[in-house]
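*Asks:* After the C-alpha cells below, expect a handful of questions from me.
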Amino acid sequence: MKGNVFTKAERLCSRKAIEALFAGGARAFTVFPFRVVFHQVDDNAGVPVSVLVSVSKKRFKHAVDRNRVKRQIREAYRKNKHSLAAFLEGRQAGLHLAIIYLGNELQSSSKIESRVAELLGRIRKEMEEKA
13 MKGNVFTKAE RLCSRKAIEA LFAGGARAFT VFPFRVVFHQ VDDNAGVPVS
63 VLVSVSKKRF KHAVDRNRVK RQIREAYRKN KHSLAAFLEG RQAGLHLAII
113 YLGNELQSSS KIESRVAELL GRIRKEMEEK A
C-alpha cells in the first residue's frame with residue numbers, strides 16, 4: 013500500500029465477497045464497541061486487506077450519526093493498517109475484513125482509534141497463531 017491513504021481498492025464492495033465473508037468459515041470476535049469478522053483469501057485484487065465498515069440503522073436513527081461513526085472507523089483504520097498490511101504482504105495472503113459497530117452512543121475519535129488498533133493487532137496475532 014502506498015502512503016497513508018484508504019483507497020477504493022481497499023474497500024470491500026463486491027456482493028459475492030461480502031456474502032462469502034458472512035456465509036461461514038470466517039473467524040469473528042468482539043472488541044467492544046466493535047464486532048470483527050475476517051476471512052483469509054488467496055486473491056485479493058492487489059491489496060492485502062479489503063475492509064467493510066457497517067453501522068446499524070437500528071442503533072443510530074440519523075444518517076448523520078451513522079456517517080460520523082463510519083468516518084471515524086475508516087480514519088482509525090487508515091492510521092493503523094500498516095502493521096497488518098505488511099504482515100499479509102510478507103505471507104502473500106489477502107484478507108477480507110468487516111468491522112461492525114455495536115455501540116449505542118457516539119464515541120470520541122481517540123477511543124475509536126485505540127480500539128481499532130487493538131482489534132487489528134488481535135487479527136494479526138490470530139493469523140500468526142494459525143500459521
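Position one of the sequence shown corresponds to residue 13 (the working numbering), numbered consecutively onward. Ideal placement from N, C-alpha and C gives every residue a C-beta, glycine not left out.
1. Would you decide whether residue 76 is buried or exposed? Buried here means 16 or more other CB atoms lie within 10 Å of its CB.
2. Please classify residue 94 as buried or exposed, where buried requires at least 16 other C-beta atoms within 10 Å of its C-beta.
3. Skipping 5 residues on each side, what residues in its chain have a beta carbon closer than 8 Å to that of residue 183?
4. Please name the residue or residues paired with residue 110 in a DSSP beta bridge.
5. Quick one: measure Cβ to Cβ for residue 45 and residue 113, integer angstroms, because I've assumed they're closer than 8 Å.
6. Over what stretch of residues does the alpha helix (DSSP H) that includes residue 105 continue unbroken?
7. Any contact between the stretch 62-71 and the stretch 19-34? By contact I mean 3 or more CB pairs, one from each, below 8 Å.
8. Inspect the beta-carbon positions of residue 128 and residue 79 and report whether they are closer than 7 Å.
9. Could you check where the alpha helix (DSSP H) with residue 5 kicks off and where it finishes?
10. Could you tell me the alpha carbon to alpha carbon distance between residue 137 and residue 82, rounded to whole angstroms?
*Replies:* In short:
1. Indexing the sequence shown from 1 puts residue 76 at position 64. That one is exposed.
2. To locate residue 94, count along the sequence shown from 1; it is residue 82. Looking at its Cβ environment, which holds fewer than 16 other Cβ atoms inside 10 Å, residue 94 is exposed.
3. Because the chain spans 13 through 143 in this model, residue 183 falls outside it and cannot be assessed.
4. On the sequence shown, position 98 is the one that residue 110 refers to. Paired residue(s): 49, 64.
5. Taking the first residue of the sequence shown as position 1, residue 45 is located at position 33. Taking the first residue of the sequence shown as position 1, residue 113 is located at position 101. Rounded, the Cβ-Cβ distance is 6 Å, consistent with contact.
6. On the sequence shown, residue 105 is found 93 positions in, with the first residue counted as 1. Careful: residue 105 lies outside any alpha helix (DSSP H) and carries neither H nor E.
7. yes
8. In the sequence shown, residue 128 corresponds to position 116, counting from 1. In the sequence shown, residue 79 corresponds to position 67, counting from 1. Cβ distance not < 7 Å, so residue 128 and residue 79 don't count as in contact.
9. This structure does not reach residue 5, given that the chain is present from 13 up to 143, and the question cannot be answered.
10. Your numbering for residue 137 matches position 125 in the sequence shown. Your numbering for residue 82 matches position 70 in the sequence shown. Distance between the alpha carbons of residue 137 and residue 82 is about 25 Å.
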